[in-house]
Amino acid sequence: MTDFMRWMYDHYIKPNIESQPKDDGIAMQIDLLNNELEPQLRRTPQTVLAFYATQGFRLGVRTRITLQPDL
């Protein structure tokens, strides 16, 4: 991930993801995962989430640019 995309994730994408409302089932699964993993292992799912969220954001930007003339 480039430095710019890391900055975008930290300052825009991640806060947006974390601000989304979660139902009780999802909140319980997140708590279960955080309680079961050791602190150093918690970074692995966070790194994977950062990668895929950034790629999804980039896809959304590219799709919007591509479809702009048709919209």
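Be aware that the sequence shown starts at 1, since it is given in this note's numbering, and climbs by one per residue. Even glycine gets a Cβ: it sits at the ideal position worked out from N, Cα and C. Keep in mind the model is a prediction, meaning the values are calculated, not measured.
Span of the alpha helix (DSSP H) around residue i
i: Leu37; result: Premise fails: Leu37 is in no alpha helix (DSSP H) and is neither H nor E.
i: Asp10; result: Taken as a continuous stretch (DSSP letters only), Asp10 belongs to no alpha helix (DSSP H), as it is neither H nor E.
Contact check, residue i vs residue j, beta carbons under 8 Å
i: Ile13; j: Phe57; result: yes
Cβ-Cβ separation, residue j to residue i (assumed contact under 8 Å), whole Å
i: Arg43; j: Asn34; result: Going by Cβ atoms, the distance from Arg43 to Asn34 rounds to 12 Å, so no, they are not a contact pair.
Residue i versus residue j - alpha carbon distance
i: Leu66; j: Phe4; result: Inspection of the sequence shows that residue 66 is occupied by Thr rather than by Leu. Cα-Cα distance, rounded: 22 Å.
i: Leu59; j: Leu32; result: 31 Å
i: Arg64; j: Thr54; result: 15 Å
i: Trp7; j: Gln20; result: 20 Å
i: His11; j: Asp70; result: 31 Å
i: Leu49; j: Asn16; result: 13 Å
i: Gln29; j: Pro45; result: 13 Å
i: Thr47; j: Tyr9; result: 11 Å
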